[in-house]
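Notes follow once the structure below has been shown.
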Amino acid sequence: MANIKSAKKRVKVNEAKAARNKARKSALKTALKKARNAEGAEQAALVQDAIKKVDQACANGLLHKNNAARKKSQLAKLGNQA
């Protein structure tokens with residue numbers, strides 16, 4: 652365990668950020684899974700929601716911009732099939 656006050660604070664801040672990132676990444680994965688598994692009319696709405704989550708994850712630094720672009724492209728193709 653850290654002895655210096657600033658190091659103790661960094662540990663707490665890093666744990667909070669890790670928890671926040673984990674929750675956001677989990678929500679992103681859930682949205683992607685729901686969009687892929689949906690059928691018919693509800694798929695279009697779920698695809699739009701998933702694209703929004705991908706954009707948010709990219710803005711928050713969870714995904715690289717090229718990775719986000721690839722995921723959005725795959726979702727758009729999926730949405731066009733419906």
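Letter by letter, the sequence shown follows residues 652 to 733 of my numbering. Yeah, the Cβ is synthetic: ideal placement off N, Cα and C, and Gly gets one too.
Between the alpha carbons of I655 and A667, how many angstroms are there, rounded? 19 Å
Look at the Cβ atom of R687, then the Cβ atom of L713, and state whether they are nearer than 8 Å. no
Would L729 and V698 qualify as a contact pair, given that the criterion is a beta-carbon distance under 8 Å? yes
Please name the residue in A670, V662, A669 and A682 whose C-alpha comes closest to that of Q707. A682
By how many angstroms is the C-alpha of K716 removed from the C-alpha of A727? 16 Å
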